[in-house]
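Residue numbers (our numbering), protein chains in the order written: chain A, 1 to 560; chain B, 561 to 853; chain C, 854 to 1170.
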Amino acid sequence: MDDEQSRIDALRRKQSEIGNHVIDEYFSGHISRRNFLRAGSVAGISIPVLSFLAACGPAPAPSTPSGSSSVKIKRGGHAAVGCLPPATALDPLKVDDEGGLLLLSQVGEFLSWSGSSLVLQPRVAQSWSSSSDAKTWTFKIRKGITFHDGTPLTAKDVAATINLHADPANGSNALSVFKGVLAAGAATAVDDVTLRVELEAASGNFPYLLSSDNYNLIILPANYGGDFSKTFNSCGPFRVTSYQTGQRMSVQRNATYWDKNFIPPLDTVDYDFYTDDQSRILALQGKTVQIVSHFAASDGQALFKDPNVKIIDSRSANHRQVHMRNDMEPFTDKRVRQAMALALNRPDLVQGLLNGKAQVANDSPFFKVYPSTNTSVAQREQNLTKAKQLLQAAGKGSGFTVQLSTWRGFEIPDYAQLIQSSAKKIGVTINLNIVDEATYYGNAVFGQSIWLDSLMGITDYGHRAVPNVFLGAPLVSDGPWNAAHFKNSTYDGLVAQYVATADLSTQRRIAGQIETLLLDETPIIFAYNYDATGATLPNIGNVRMTGDFQLDLRSAGFTS
Amino acid sequence: MSTASVPVARPRRVDARRSALAERLTLLLHSPTFLIGAVIVLFWIVCAIGNTHLTPYDPLATNPLGKLRGPSPQHLLGTDSLGRDELSRVIAGARGILVVAPLATVLGTAVGTALGLVTGYFGGLVDESLMRLVDAFLAVPVVVVGLVALVALGPSTITVILVIGVVFAPIIARTVRAAVLSERDKEYIQAARLRRERTPYILFVELLPNVMGPILVEFTVRLGYAIFTIATLSFLGFGIQPPAPDWGLSIYENYVYITGGYWWPVLFPAIAIASLVVGVNLVSDAISQVLDR
Amino acid sequence: MARFLIRRIAFAVITLWLLSVLVFLGAHVLPGDVGRRILGAFASPRAVANLDRQLGVDKPLPVQYLNWLSGAVRFNFGSSLAYRQPVSSLLGPALLNSLKLAAVAFVIVVPLGVVGGVIAALNRGRPLDRIITVSGLSGTVVPEFVSGIVLILLLGIVIRLFPVTATAPPGSGALTQLYYLILPALPLVLVLFGYIARIARAGMIDALDADYTRTAYLKGLSRRTVIWRHVLRNALLPTIAVIATQTGYLIGGLVVIETIFNYHGIGQLLFTAAQQKDFPLIQATVMVIGVVYLVATLLADITYSLLNPRIRLGGAR
C-alpha cells in the first residue's frame, strides 16, 4: 500500500494542475472510474498512468461494453463497407456530412481519437497538457509518422492544419467549433515535436476540439494545396487507390502506418455509397457488403432480429432539436413552450421510434452520456394536465395552430408525426411542412433558411464528445444556428463560465444551473439522444465506431 | 345574330348524337370489362367519400409502442411503423389520390384540349411551332419533369396537381389535335365558317362536341397514369406529404421494414394502388372499345 | 426518302433546341444563390459576390443561356455544385450504366413481349389470349417500386437467386455484370411486357386479317407457312420500331429502379442532383435524357418508314 502510494505521488508530481485536480476528484469518489478515464485523458494524463491510477481508485472496474471485446482476426482479405455517399467533394475544409466525415476518418489521422467511450486516445499527438488557466495548450507530436506520399510529419504540419481551419477566409466547417476559442495563427510549432496553441478564451475541454470529434481536422501536410480530393494525402491507416464520385472509394492498407500494432489486417476495403437505409440494409443481408456504417435505429427492425447480423453501436450525443421561435407568437410565452415539451412521452419515443437505441433527454444538451451532466436535475415527464393548465394560464386554452418544418431523412418525419399527435392531445394543431434536406437548410443564414427562420422546426445534430458546440451555436444570443431566436444573457454568461472551466465538479455545478434554466425557458425541446448504430456480418470482427459514425477498422478483419 | 337555318340544322345533329350516346351506354353496361372496372373504382370512391366514417380507427392516431403488429382481429391489416391502423389508412388513403389525380387530369385535359383545338384548327405556323414545343416537352419522362418541378417548387398537393396537369396537357393536346385534323374540313365546320361564326364558337360549340370521344378516352387513360405517377412521386418523397394516409407515401414510409418480415404496411397500400389503376384502366379500355365501334 | 429523312432530322434538331431552352429556363426557376451554395454559410458576402461573377451567374439570362449552350454542344456542362468536378465526368459513366440496365431490360422483354403477343393473337378470344392480356395489363399497372421491392424480397432475400444490388464489384466481367442487372431489370420488364404484347398482338391481328394473308391462304399455302412467311414479317417489324419509343418511359422508370437498387445510373444521378439542388447537373441530366429519347424516336421513325412504304410516300402527316 505504501509502495503504491509513493508511486502515485511520484506520478502526480508529473501531472499538470488540472490533471491533479481530476485525480483528487476520483480518489474522493466524486467521479466514476469511466469519467475519470475520460477527464484524465483530456487533462493530458497518459493512458498507462490513467489505467494504473484507475486501478488504485475506489470505484469498481466496469464490465467491458458489449461488442468491444477483441476477437482473433486473420490477416488479409477484402471487405466492403456500405456507407452514405459524401454530399460534396471530399474536401477536409468543407465536409459537413456523415458520408464525407467517415471517409476522412479512414484516410486521415487526427491528433487524438474520440472513441465510443468518449476517452481520448492519443494518435498524432503523443500527449498534451495545459497551462493552469486552460488558455495555452501544448501537444507533444509523435515522431516517425509519414504522410502517404512519404513525407515525414512534424509539428509544422499540425500547426498549418489547425491554422488552415481557423482562418475565416477559408470558410472551414470547423469554424463552427473554433468560433470564439481559436483564431487564425493560434497554433505554432515550437520545434518539430512540440505544438503550442494559444486560445482566445479558456477551454477546459480543448483537446476534444482537435480530436476526431472535430471531424474536419485530419492532419494535412504544411504545403497543402487544396487538392485533397485528388491526392488524398494524409497519414491514416488506409490509402486511397481509387475514388469514383457518387459510387465508391477504394483503399488499401497503409503498410507504413505509424502504429505498428494497428496496421490494418485487411488488404483492401471498398466504401460503397448507398443513398438510403433500405439499400444499405439489403446490401448487408444480401452479403454484398460485410459492414454497414450506419442504419437509423428507427429503420433497423429487420437487422435487430436477424441472427446473421452483428450490431455495432456506440452511445452518442446524436440528437434532434425541436426549436420554437421564442420571438414569435404563440411561443413568446415560455408556458406555451413548456406545454409543448410536457406533451411528449419520451420513453415511448425511445422505445417506439428508436427501438430502445436511445436515451431520454431533458430539454438541454446535457445528455446522460456526458460526465459533466448534472443528473440531480429532475427529468421532465409527460404531463398532459399540467400542459393544458399552462396553455390556459397563457391564454391559449382553446389551442392554436402552428406549422412544424423539417426535412425528410432518418426518423425525422416519423418524429414530426409523433409530435403532431402528442400536441393534438393538448389541443394544439400542428401542420407539417416536410421538405428535402437542401431546401430545409437553404443557405444556412438567417433570412434565407427554413431551418433558421421557421416558427417551429426539427433539426438533426450529430454527435460531439463535449456539449460545447450544442451549448453555443444553437442557444447563445448571437449563435449562428440559433433557430429558436433564444436571447438570454444569464444563459450566455453561464455557458461562457462552463466552457472556461476545466474541473469536473465545477463543470457539473454550472451544468445544473444551465439545465434548470433551459428547462424553465424551454427554447428547444431535446427529447432524446440516440446511439450510433451500424452492423456487420458475423464473420467480421473488431469493427469499432464512434458516436459520429466514424469507423475504426485498424484491427478489423475476417475472423479465423 | 344567327341565321334562321341554325335552329333547324342543330337539333337534328344533337338528336342523332344523343341516340348514339344511348346506344353506346347500353353497350358499355353490357361489357364485363367495364362493369368490373367500375365496381373497383366505385369501391374506392365510396372509401374516399366515407373516409373516417368508415374506418375502424383514426387513421392518424399513433401508438409507437404498438407499431408493426401483424394482422389480427383488432387490426385486420396490422399496424404501420407508427402503430397506426393499416386498414384505416388504406381506406382513408383513397380520398387523397381520388381528389388529386382527377383534378390533375381535369386540369391537363382542359388545357390540353384548348391547345389541341387551337393548333389543330388553325394549322400552319402556330400548329407547327406549338407541336415542336410539345415534342420537346414530351422528350423528358413525366416522372423526371415532376421530380425536378417538385424539387424546385416544394412538394405540396397543389404543386402535384399543377405539375401533373401541366405535364399531361401537351400529351392530351396531341390527341385532340389529331382528332381536330380529321374534323376541321368537314361540312358542318365549313358551314359554320360560312355563317361567319366567331372562332371560339366554332372551336368550343361546333368542334368540341365532335371530338369528345377521343378526349374522354384520353382522360381515362391519363387518369390511370396520374394515379401511377402520383404514387411514384409520393414514393420518392415528393408527392403527397405526411401524415396523410396516402398509399404511395405509406409504401415509402414502411418499405425499409419489409426485409424484417413486416410486409403488411407495404403490401396492402400496394394492392390498393394496383387495384385502383386496374379499375381505371378497365373502364378506359371498355370506353375506347365502345367508341371505336 | 432523302426528303423525308432531312425533314425528320430537321424536326429533331428544332425539338432539341427547344428542349434546351425549356431545360435552361426550368433550371433557373430553382431558387438559391449559387455562390452561397458553394462557399457555405461562413463565407463573407463579398466572396460570394466574387464567385457569382466568376461563374457568370450574375449575367443576364440570355447571355447565360448562350454560354451554357455553347458548352453543352461540346458536352461541357460546367461543374457540379456539390461535387465540384465537371458534370460530364459524372454524366458519362452514369449514362453508360443506365444504357446497360435498359439494354438488359429490352433484351429480356422484347422477345418475351413479342412472343406473348403473337401467341395471344393466334389464340384470339380463347383463354390463353385472356391470360396473356390480363397478366400483361396487371404487370403494367403495378408501379415499379412495388414490384421492385417484392422481387428483391423474393429473389434476393428469401431464395438467394440474385444479388440485391445492381452494381457488380469493381473489375467484374461482363457476365457477372449481367447477372447483377437481371433483378433490377425485372420490374421494368413487368411494366413493358403488357405494352409490347399488346402492340404485337394488335399488329398480328391486323396482319392475320389483311388481304395478303387471305390471298396466301387462297393460294393453298399451309397455315404454318402463311404465318411464318407473311404474317409475322409484316406484323412484327413495325412493332419492334414502335417499341423504341418506350425509351422515354424506361428512363422515367429508371429513376425509381436505380434508387431502390442503388444503381449508379442517370436516374439516381438526377434524383440526388435534384435533392442537392445541383442545377448544372440537373440541367445536363435532363438534357441528356431528352436527347436519348429524341434519338431513339428518330431511329424508330426512320426504321418504321423503311419498313412501311406508305409512311415514306405519304409525307410527314
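The beta-carbon is built from N, C-alpha and C at its ideal position, and this holds for glycine as well. Note that the structure is a prediction, hence the values are computed from the model and not measured.
With 16 or more other Cβ atoms inside 10 Å of its own Cβ, E411 of chain A counts as buried. S579 of chain B carries a helical assignment under DSSP once its states are collapsed to helix, strand and coil. In the three-state reduction of the DSSP assignment, M249 of chain A falls in the strand class, which pools E and B.
Take D9 of chain A, set aside five residues on each side of it, and no residue of its chain has a beta-carbon closer than 6 Å to its own. With a cut-off of 8 Å on Cβ pairs, the region 297-311 of chain A is not in contact with the region 512-522 of chain A, counting fewer than three such pairs. When only Cα atoms are considered, D213 of chain A and Q290 of chain A end up about 25 Å apart. Per DSSP, reduced to three states, the secondary structure at P152 of chain A is strand. Taking C-beta atoms as the reference points, N254 of chain A and A358 of chain A fail to come closer than 9 Å.
Across the set A:V193, A:A187, A:T288, A:P371, the C-alpha of A:T288 shows the shortest separation from the C-alpha of A1021 of chain C. Three or more Cβ pairs closer than 8 Å define a contact, and the region 590-602 of chain B meets that threshold against the region 841-851 of chain B.
Below 8 Å, too few C-beta pairs join the region 761-779 of chain B and the region 823-833 of chain B to call them touching: fewer than three.
In terms of CA proximity to K396 of chain A, A:E329 leads the group A:E329, A:M324, A:A155.
Separation of W807 of chain B and Q917 of chain C (C-alpha to C-alpha, rounded to the nearest whole angstrom) is 42 Å. Residue state for A186 of chain A is assigned as coil, using DSSP reduced to three classes. The DSSP-derived three-state label of W128 of chain A is strand. Apart from the 5 residues on each side of it in sequence, T256 of chain A sits with its Cβ closer than 7 Å to the Cβ of T146 in its chain, given in chain order. In this model, G115 of chain A and G547 of chain A are separated by some 8 Å (Cα to Cα). The contact set of A696 of chain B on chain C, defined by CB atoms closer than 7 Å, consists of T868, L871, L872, L875 in chain order. Counting C-beta atoms within 10 angstroms of its own C-beta, F928 of chain C has fewer than 16 neighbours from the protein chains shown and is therefore classed as exposed.
Taking a C-beta cut-off of 9 Å against chain B, the contacting residues of the region 978-999 of chain C are L990, S991, T993, V994, V995, P996, E997, F998, V999, listed in chain order.
Assignment of F304 of chain A by DSSP, reduced to helix, strand and coil, places it in the helix class.
Residues of chain A whose Cβ lies closer than 9 Å to the Cβ of G638 of chain B do not exist, since the nearest Cβ in that chain is about 13 Å away. Between F864 of chain C and chain B, the shortest Cβ-Cβ separation is below 9 Å. The closest CA to that of A55 of chain A, considering only A:Y26, A:I525, A:M340, is found on A:Y26. Here the C-alpha atom of L628 of chain B lies approximately 13 Å from the C-alpha atom of Q634 of chain B.
Taken through DSSP and simplified to helix, strand or coil, Y528 of chain A comes out as strand. A direct Cα-to-Cα measurement between G99 of chain A and Q121 of chain A gives close to 23 Å. Following the DSSP letters along the chain, one finds F139 of chain A inside the beta strand (DSSP E) bounded by residues 136-141.
Around the beta carbon of G286 of chain A, a 10 Å sphere encloses 16 or more other beta carbons of the protein chains shown; the residue is thus reported as buried. When C-alpha distances from A935 of chain C are compared across C:A956, C:L1159, C:A1127, C:D911, the shortest belongs to C:A1127. Within the same chain, and ignoring the five residues on either side of S951 of chain C in sequence, the residues whose Cβ sits closer than 6 Å to its Cβ are L1107, G1118, I1119. Distance from the CA of D270 of chain A to the CA of F558 of chain A, rounded to the nearest whole angstrom, comes to 15 Å.
Secondary structure at C607 of chain B: helix, using DSSP grouped into helix, strand and coil. Beta bridge pairing from DSSP links E198 of chain A with A:T136. Secondary structure at D687 of chain B: helix, using DSSP grouped into helix, strand and coil.
By the Cβ criterion, the region 418-430 of chain A is in contact with the region 381-399 of chain A, since at least three pairs of Cβ atoms, one from each stretch, lie closer than 8 Å.
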